[in-house]
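Some notes on the structure that comes next.
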Amino acid sequence: MAGRQSGEDSGMGKQMIEQISDRIRAELWELQDQGYKDFHAKLIPTVAPETIIGVRTPQVRKLAKKWAKAPQIGEFLAQLPHKYYDENNVHAFIVEQFRDYGQCLEQTERFLPYIDNWATCDMMAPKVFARHTEELIEPIRRWISSTETYTIRFGIGMLMRFYLDEAFRPEYPEWVAEIRSEEYYVNMMRAWYFATALAKQYEAVLPFLEGKRLDAWTHNKAIQKARESNRVTAEQKEYLKGLKV
Numbered sequence: 302m303a304g305r306q307s308g309e310d311s312g313m314g315k316q317m318i319e320q321i322s323d324r325i326r327a328e329l330w331e332l333q334d335q336g337y338k339d340f341h342a343k344l345i346p347t348v349a350p351e352t353i354i355g356v357r358t359p360q361v362r363k364l365a366k367k368w369a370k371a372p373q374i375g376e377f378l379a380q381l382p383h384k385y386y387d388e389n390n391v392h393a394f395i396v397e398q399f400r401d402y403g404q405c406l407e408q409t410e411r412f413l414p415y416i417d418n419w420a421t422c423d424m425m426a427p428k429v430f431a432r433h434t435e436e437l438i439e440p441i442r443r444w445i446s447s448t449e450t451y452t453i454r455f456g457i458g459m460l461m462r463f464y465l466d467e468a469f470r471p472e473y474p475e476w477v478a479e480i481r482s483e484e485y486y487v488n489m490m491r492a493w494y495f496a497t498a499l500a501k502q503y504e505a506v507l508p509f510l511e512g513k514r515l516d517a518w519t520h521n522k523a524i525q526k527a528r529e530s531n532r533v534t535a536e537q538k539e540y541l542k543g544l545k546v
């Protein structure tokens, strides 16, 4: 009898998961923009085009905000991997809304291994992390030591987003400089980190470029990005131009 009850409970649980996932997916299809899908698919070549529904980011964010309040949303978050790229973006935006740091961190770490593109990776920036920079630095160190492309990228992104102002420490750019990867999406984020750091912590990070601490591609890309920034002075841009390799 107990075994039968367990089976019934399992069946009900599966039905609940399918129900909320189907409802979210149905709403995404209603919001599909075919032109946007075709355009966006070219920007995320690591994602199979047939898994992209094609919903614009503001609409995905609005949908996630609505569903985040659903009592059964935990069932959707537990259902990994999702079938569609757009579902992953809903997932990312729901995780962003967790107000409890511990729960948000747990959900983030569960989701990271399933991220398969730069866009989903970069759009997820939990607000609660900004209030817990001391605790977050340990997970970040773990993420950037990963072998997974988008876990590394996410960790660098968090260092760039939350640790280039008051929470900045000289060892953080050291961590990014020490990363060695052949992955384009890792090295592009490394370059973006140093370009942003030049805008915010110029004197502290300039020695990394003067000392050629980065691989040539990342070094030159960081300089390019910095020279394109409005936050870097004309004098600084001219000096950086001379550091290209």
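Using my numbering, the first residue of the sequence shown is number 302, and each one after it goes up by one.
We treat Cβ as the ideally placed atom computed from N, Cα and C, and that holds for glycine.
Given the structure is predicted, the values throughout are model-derived calculations rather than measurements.
Please confirm whether residue i and residue j have their CB atoms less than 7 Å apart.
i	j	result
Met461	Tyr494	yes
Tyr386	Val348	yes
Val506	Ala498	yes
Arg400	Val429	yes
Glu484	Thr450	yes
Ala500	Lys522	no
Ala420	Ile345	yes
Pro382	Tyr337	no
Gln408	Ala369	no
Glu331	Leu364	no
Leu510	Arg528	no
Met459	Ile441	yes
Phe455	Cys405	no
According to the neighbour-count rule (16 or more other Cβ atoms, all chains shown, within 10 Å of its Cβ), is residue i buried or exposed?
i	result
Gly314	For Gly314, the pLDDT reaches just 48, beneath the cut-off of 50, and the residue's location in the model is therefore unreliable, although a value from the coordinates is still provided. Looking at its Cβ environment, which holds fewer than 16 other Cβ atoms inside 10 Å, Gly314 is exposed.
Glu351	exposed
Asn389	buried
Lys526	buried
Val546	exposed
Pro359	exposed
Pro474	buried
Pro427	buried
Phe412	buried
Asn418	buried
Phe377	buried
Using 8 Å for Cβ pairs, my map puts residue i next to residue j. What's the rounded Cβ distance?
i	j	result
Val396	Val361	At roughly 13 Å, the Cβ-Cβ gap does not stay under 8 Å, so Val396 and Val361 are not in contact.
Ile445	Ile457	6 Å
Ala371	Ile321	7 Å
Gln380	Ile354	Their Cβ separation, rounded to whole angstroms, is 17 Å, which puts Gln380 and Ile354 out of contact at 8 Å.
Tyr402	Thr434	Not confirmed; about 11 Å, so no contact.
Asn488	Thr519	5 Å
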